[in-house]
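K.L.:
I am attaching a structure below and will ask some questions about it afterwards.
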Amino acid sequence: MFPLKHKWLLPDNIWLRVFSFLSLQERTQVSYVCQRWNNLCKDSIFWREVDFTFCSATQPITDETVRAVTSYSMGIQSIDLSGDHCEPITDEAIGHVARFLSALAETEHRWTK
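Heads up: the sequence shown begins at 1 in the UniProt record's numbering, then just goes up one per residue.
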């Protein structure tokens, strides 16, 4: 039995299940709570598919955002950058995706410029 002060601790598989209901943006936010949650939020199951179309349109997706997310996990297999708020993304960010994501099998984007 856990001492009283540790009763709040849940096994990693339960936390991973809870985090699976969070959006990309929410998982990024909870990763700052503590080191354990940060490590759990980096689990490869969350980073196989990255879909920026569900991110808030009030915060445009920039090259810096793309670099940060793609640096989070090398196991990304699919990335969707087709939302209107992804317009600020430049060829530099797309090049970064191509160079650093060797497991990438699919990308979706819309060129408007």
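Beta carbons are placed, not taken as given, at the ideal position from N, Cα and C, and that holds for glycine. Owing to the predicted nature of the structure, the values given are computational and were not obtained by experimental measurement.
Alpha carbon to alpha carbon, how far is alanine 93 from leucine 104?
P.N.:
Rounded to the nearest angstrom, the two C-alpha atoms are 14 Å apart.
K.L.:
Entirely within the UniProt domain "F-box" (10 to 50) and at least 4 residues each: give me those alpha helix (DSSP H) ranges in chain order.
P.N.:
12 to 19, 24 to 30, 35 to 41, all fully within the UniProt domain "F-box" (10 to 50).
K.L.:
Tell whether a beta-carbon distance below 7 Å holds between threonine 70 and leucine 24.
P.N.:
No. Outside cutoff.
K.L.:
In angstroms, rounded to a whole number, what distance separates the CA positions of serine 73 and proline 60?
P.N.:
Each residue's alpha carbon lies about 21 Å from the other.
K.L.:
If you compare alpha carbons, which of Asp12, Asp51, His96 is closest to leucine 81?
P.N.:
Ranking the options by Cα distance to leucine 81, first place goes to Asp51.
K.L.:
Closer than 8 Å by C-beta to tyrosine 32: which residues in its own chain qualify, once you throw out the five before and the five after it? Chain order, please.
P.N.:
Asn38.
K.L.:
Since histidine 96 and valine 66 should fall inside the 8 Å C-beta cutoff, what is the C-beta to C-beta distance between them, to a whole number of angstroms?
P.N.:
Indeed they touch by this definition, with Cβ atoms about 7 Å apart.
K.L.:
Hey, could you find the ends of the alpha helix (DSSP H) isoleucine 89 is sitting in?
P.N.:
No alpha helix (DSSP H) holds isoleucine 89; DSSP gives it neither H nor E.
K.L.:
Identify the continuous beta strand (DSSP E) that holds aspartate 80 and give its terminal residues.
P.N.:
From DSSP, the beta strand (DSSP E) with aspartate 80 extends over 78 to 81.
K.L.:
Once DSSP output is grouped into helix, strand and coil, what is the label at threonine 65?
P.N.:
If DSSP states are grouped into helix, strand and coil, threonine 65 belongs with the helices.
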